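Novice: Top to bottom, those sequences are chains A and B.
Each residue of the first sequence is one higher than the last, beginning at 0 in numbering that gives the first Met the number 0.
Each residue of the second sequence is one higher than the last, beginning at 0 in numbering that gives the first Met the number 0.
Even for Gly, the Cβ is constructed at its ideal location relative to N, Cα and C.
Quick caveat: nothing in here was measured; it's all calculated off a predicted structure.
Quick one: this structure, given as structure tokens, is what I'll be asking you about.
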Amino acid sequence: MRNVLKHLTSKSRRSAWLAFVVLAIALLALPFFTDALLGHGWVRIMDFALLYIMLALGLNIVVGYAGLLDLGYIAFFAVGAYCYALLGSPQLGLHLPFWIVLPLGALLACLFGVLLGAPTLRLRGDYLAIVTLGFGEIIRIFLNNLNAPINITNGPQGISMIDPIRIGEFSFSSTHELFGVTFPSVHLHYYLFLFFTLLVIFISLRLEDSRIGRAWMAIREDEVAAEAMGINTRNIKLLAFAMGATFGGLAGGLFAGFQGFVSPESFSLTESITVLCMVVIGGMGNVSGVLLGGILLIALPEALRHGSGPAQQILFGKTIFDPESLRMLLFGLALVTVMLWRPVGLWPSNQRRRELAVENNATQL
Amino acid sequence: MDTLLQQIVNGIVQGSVYAMVALGYTMVYGILGLINFAHGEVVMVGAMVALSTILLLIGSSLPPLLILLISLITSIVVCMALGYSIERIAYRPLRKAPRLAPLITAIGVSIVLQNLAMIFWGREYHAFPPLLPNSSHMLAGAIITEVQILIVLVALGMMGGLLLLMHRTRLGRAMRAVAENPSAAVLMGVNVNGVISITFMLGSALAAVAGIMVSANYGIVHYSMGSVLGLKAFTAAVLGGIGNMRGAMVGGLLLGLIESLGAGYIGDLSGGFLGSHYQDVFAFFVLISVLIFRPSGLLGERVAERA
């Protein structure tokens, strides 16, 4: 019996290693394939997709693990991005290096998260939702208007000519020749973002299985019971909120460095909702589900951009819905339908599935 | 001195509008303990429907007041149907689900409504035809238009009517019973689902009136007008004590005054650093401060419970 077990584990471990190696090679080779098959633009889309996946993973900690609805998550992305933009551009004449600015942006986002979460997390979750919604709008008002009388954010025009991400002498914004292979800038950013995404995934997975992660899920399922078990619910919720904000700030800094330009327009409520949709549709609380949701929701607008015009021409003879409003309409509908018919999302975690099965049995009794 | 008085008048008018919308939030919250995120969008739909009806009828020889009345009724009916459907589709199936679920459907519904409105009525700002007599009067040094007087009167009237409804009628008693304890209300023979539907419809009817008032006051209608208005009205409801109708009225007026006085004087106070375009920021800081210092609001009896 024991031998069989040993045999099984060693075999599954070997296949797991094999899968890991294949996946790693595929991920590393992906930008070259995409470049060859679809063109340069698509590698750029993949870069943005990775940023969004990072955001979705950050929000997953707040919404998925701890069950707190954050409707202004993009504000933390904005904090990170503007922090990078202000400290690394001609706007204020500061050109601090990447490895100082990026953590600083993440830290600042974390601070905002704590400031925002502290007063609301004592109360029921609805308040957090509305306060974060308000915060998301407020931050945009400030970014839009802090250009007079002292010009800090440059208002609606945004900040341009942001320093590229540079580690030592190695700049990510120019093409490099390494080991006889040419790496264009978008490819380099892809690898950088992939590294950070994997880091966020790793942290998420480790957290999920930790004491903190279990505390989050306990709070999500029943806050009163969790408190009775000795969990300091307010601090643990605050931790989730701050951690989500930190990841948002991190992604924001990378976004600013990649794009070289930030303006308040990039941080609208629409973006917050998009990230929320990734988490909800993919599967709240499950990293693989969130990854799936992120990929689907990045692919959908691209498909709409190319497909919706011609399809409507065939169906109605003219274009009724422009792709942008169609996208948001679909996102809104998806939020409602997923909650009504499949509240665990497309790819739920095993634990959530079990919890739901138990609930179903309980209702049948 | 005149500026101060003018700001106070503006604040009261704006506050009356907030109060009307806040009533919708507070009624639903009082009964279901749920923030109806889509309420702001119902206000917007009310304004849009009224606009379309007016534009349809304005060529005819009907007197302007009759046109306004017809459009008011149309928009109330549409909004009531909308409020009923929202409750039926998005909230009722999830009444026993975890708290996160109805919050997410609520935000989903509001996105859907906003984008449908954008597809229907377009992205542009529409001018709202001035049907109401819009001559202005001097009131002790401040200018007030007839529309603004009407807004204040309508808000007060609706408030009074609602209080009568809640405390003097069978329906009102049923609503209070459901708010107190739904399962006990069922045992007493109250049709709980019916009462909840009626609550949503009443709130939406108020939203329709508020939508028309806002558009008549500013003369502009836009598909995105609902979200910020909704956020502020919610703040007003929290400020007054959510779930409490008098509180919604007080909170609305107070928020209106804070905003207009704040916007009027922020420039002087900050030495010209901040200007009146920060008007929208006040509501947010009021919300945060209330949540920190007095989560139950000014008139709220019940302390906001946890989870």
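Can you list the residues of chain A that B:P294 reaches, using a CB-CB cut of under 7 Å?
Specialist: Those are L122, listed as they occur along chain A.
Novice: Can you pull out the residues from the segment 21-40 of chain B whose beta carbon lies closer than 9 Å to at least one beta carbon of chain A?
Specialist: Those would be Y28, G32, L33, I34, F36, in chain order.
Novice: Who pairs with B:A126 in a beta bridge, going by DSSP?
Specialist: Answer is B:I219, bridged to B:A126.
Novice: Any C-beta of chain B within less than 7 Å: which residues of the segment 323-343 of chain A qualify?
Specialist: Those would be S324, M327, L328, F330, G331, L332, L334, V335, M338, L339, P342, in chain order.
Novice: Between the Cα of A:Y126 and those of B:V189, B:V227, B:T234, spot the shortest distance and give me the residue it belongs to.
Specialist: Considering only alpha carbons, the answer is B:T234.
Novice: Roughly how many angstroms lie between the CA atoms of B:R305 and A:R233, to the nearest whole one?
Specialist: Residue placement at B:R305 cannot be trusted, given a pLDDT of 35 that sits under 50; what the coordinates show is reported in the next sentence. Approximately 11 Å, taken between the alpha carbons.
Novice: Counting only C-beta atoms, is A:F141 closer than 9 Å to chain B at any point?
Specialist: Output row for A:F141: interface = yes.
Novice: Could you list which residues in chain B have their beta carbon closer than 9 Å to that of A:N349, in chain order?
Specialist: Ordered by position in chain B, no residue passes the 9 Å Cβ test against A:N349, which lies about 18 Å from the chain.
Novice: To the nearest angstrom, report how far apart A:I297 and B:A89 are at their CA atoms.
Specialist: Distance between the alpha carbons of A:I297 and B:A89: 26 Å.
Novice: Helix, strand or coil, according to DSSP, for A:E176 in the structure here?
Specialist: Three-state DSSP puts A:E176 in a strand.
Novice: Ends of the beta strand (DSSP E) at B:L138?
Specialist: Looking at the DSSP string, the run of the beta strand (DSSP E) that includes B:L138 is 135-138.
Novice: Since I believe B:G171 is in contact with B:L164 (beta carbons under 8 Å), could you give me their beta-carbon distance rounded to a whole number of angstroms?
Specialist: The pair is a contact, with the Cβ atoms about 5 Å apart (cut-off 8 Å).
Novice: From the beta carbon of A:G133, is the nearest beta carbon of chain B less than 9 Å away?
Specialist: Chain B, which has a Cβ nearer than 9 Å to the Cβ of A:G133, makes this yes.
Novice: Let me check one thing: in DSSP terms, what residues is A:T181 bridge-paired to?
Specialist: In the DSSP output, where bridge partners are listed per residue, A:T181 has A:E176.
Novice: Measuring only the C-alpha atoms, how far is A:W136 from B:S60?
Specialist: The amino acid at residue 136 of chain A is misidentified as Trp; the sequence shows Glu. So the alpha carbons of these two residues sit roughly 44 Å apart.
Novice: Taking DSSP as the reference, what is the three-state secondary structure of A:V343?
Specialist: Three-state result, A:V343: coil.
Novice: To the nearest angstrom, how far is the alpha carbon of A:T269 from that of B:I219?
Specialist: Their backbone Cα atoms lie some 23 Å apart in a straight line.
Novice: How many Å lie between B:F127 and B:I57 at the Cα?
Specialist: Distance between the alpha carbons of B:F127 and B:I57 is about 12 Å.
Novice: Exposed or buried, which one is A:D221 when buried takes at least 16 other CB atoms within 10 Å?
Specialist: Exposed: under 16 other Cβ atoms inside 10 Å.
Novice: Is the CB of B:S109 under 9 Å away from at least one CB in chain E?
Specialist: Considering every chain present, this structure includes no chain E. Its protein chains are A and B.
Novice: Indicate the three-state DSSP secondary structure (helix, strand or coil) for B:S15 in the structure shown.
Specialist: It is helical.
Novice: Taking CB distances under 9 Å as the criterion, tell me whether B:Q113 reaches chain A.
Specialist: Yes - at least one Cβ of chain A is within 9 Å of the one on B:Q113.
Novice: For my contact list, A:L68 and A:L237 are in at a C-beta cut-off of 8 Å; report their separation, rounded to the angstrom.
Specialist: Wrong, their Cβ atoms sit about 15 Å apart, outside the cutoff.
Novice: Rounded to whole angstroms, what's the CA-CA distance from B:S196 to B:S74? Just pull it up for me.
Specialist: Distance between the alpha carbons of B:S196 and B:S74 is about 18 Å.
Novice: If the cut-off is 8 Å on Cβ atoms, which residues from the segment 88-99 of chain B count as contacting chain A, listed in chain order?
Specialist: From the segment 88-99 of chain B, only I88, A89, P92, L93, A96, P97, R98, L99 have a Cβ closer than 8 Å to chain A.
Novice: Could you work out which residues of chain B lie near A:P118, taking near to mean beta carbons separated by less than 7 Å?
Specialist: By Cβ distance, chain B contributes I287, L290, I291.
Novice: Would you mind sorting A:P148 into buried or exposed? The rule is 16 or more other CB atoms within 10 Å of its CB.
Specialist: Exposed, since its Cβ has fewer than 16 Cβ neighbours within 10 Å.
Novice: Would you call the segment 18-29 of chain A in contact with the segment 164-181 of chain A, where contact means no fewer than 3 C-beta pairs closer than 8 Å?
Specialist: These segments do not touch.
Novice: Relative to the C-alpha of B:A116, which residue among B:L3, B:Y222, B:G255 is closest?
Specialist: Selected option, being the one with the closest Cα: B:Y222.
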